[in-house]
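Per the working numbering, the sequence shown starts with residue 6, numbered consecutively.
Built from N, CA and C at the ideal position, the CB exists for glycine as well.
Everything on this sheet refers to the single structure shown next.
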Amino acid sequence: MAIWQFQLVVIPKKGILEKFGHVPEKLQIDYKEREEYYYLKEENLIEEEDKFTDALIQDWWSSTEIQPMEIIHQIDKNVRRSDFGRDSSVNWKFYSSKVDNDASMSINKETGKIENIRFRADLREENFKFLRAMIGLADKYEWLLMDMQGNLANPDMKQIGRLIKSSNSYKFLKDPIAFLTDIGDGKLEIE
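Shown next, in the form of structure tokens:
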């Protein structure tokens, strides 16, 4: 991921409401526990039934009726589909010397339902064309957008703008020297 890309995870509002009864401002993402779980699993030190769950792997999509092909078609309109991936994922990528946008969708092999959608918008893109298109899709399908700190936002450019301004991507583009100094001094964490 390039530093100028701002990553958002798409979550159906229905899934959030079913779990919480309301839309919280923030969801739990535990990167440290996630890393520990990964290594324990690699070393076969955890039982199969020991599942790690946070906002990034919670099943938000199972109760939705949205068909993957419908969303694939919509995203195809905004960014070129890539040829990398597996049967259970669809990826999109547009890269030039000026713009680098991408998106991905994971599909459950057994149910054929969406498991995950995420995208990375290039904050250097003039008028944020791709970001605006994805926000439009989120609005159309009643999705929420979550940044990598777990902050939730409605599909509204002002709300997303607030998330962007607190991101490392924005801080780097605004002042690369200050950003790198702050990272080196431990004032900022790498996202």
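*Take Glu120 as the anchor and find which of Lys179, Phe99, Ser94 has the nearest alpha-carbon.*
Ser94
*Contact the region 68 to 77 vs the region 98 to 105: 3+ CB pairs below 8 angstroms*: no
*Can you have a look at Ala183 and say buried or exposed, based on whether 16 or more other CB atoms are within 10 angstroms of its CB?*
exposed
*Go to Phe25, then tell me how far its alpha helix (DSSP H) extends in each direction, as first and last residue.*
18 to 25
_In whole angstroms, give me the CA-to-CA distance for Asp92 and Met139._
23 angstroms
*In terms of DSSP beta bridges, what is Lys98 paired with?*
Asp107
*With a cut-off of 8 angstroms on the beta carbons, I'd call Lys19 and Ser67 a contact; round off their distance for me.*
That pair is no contact at about 10 angstroms.
*Straight-line gap, Ala7 to Met110 (C-alpha atoms, nearest Å)*: 19 angstroms
*Supposed contact pair Trp9 and Asp127 - C-beta distance, whole angstroms, cut 8 angstroms*: 6 angstroms
*Are at least three pairs of beta-carbons, each pair with one atom in the region 160 to 173 and one in the region 20 to 38, less than 8 angstroms apart?*
no
*DSSP beta-bridge partners for Arg86?*
Trp97
*Please report the residue range of the alpha helix (DSSP H) in which Phe177 lies.*
173 to 179
*asked:* In this structure, how does DSSP classify Gln10 when only helix, strand and coil are distinguished?
replied: strand
_CB of Ala143 within 8 angstroms of CB of Leu136, strictly_ = no
_Helix, strand or coil, according to DSSP, for Glu47 in the structure here?_
helix
*Going by beta carbon distance, what residues of the same chain come within less than 6 angstroms of Asn156, once the five residues before and after it are set aside?*
Lys31, Leu168
*Use the C-beta contact count for Pro17: other C-beta atoms within 10 angstroms, 16 or more gives buried, fewer gives exposed.*
buried
*Looking only at its own chain, which residues have a Cβ that is under 7 angstroms from the Cβ of Glu194, when we skip the five neighbours before and after it?*
none
*Residue range of the beta strand (DSSP E) that includes Glu120*: 119 to 127
_At a cut-off of 7 angstroms, would you count Gln164 as near the ligand ZN, judging by its Cβ distance to the nearest heavy atom?_
Questions concerning the ligand ZN fall outside what the structure shown contains, since it holds no ligand whatsoever.
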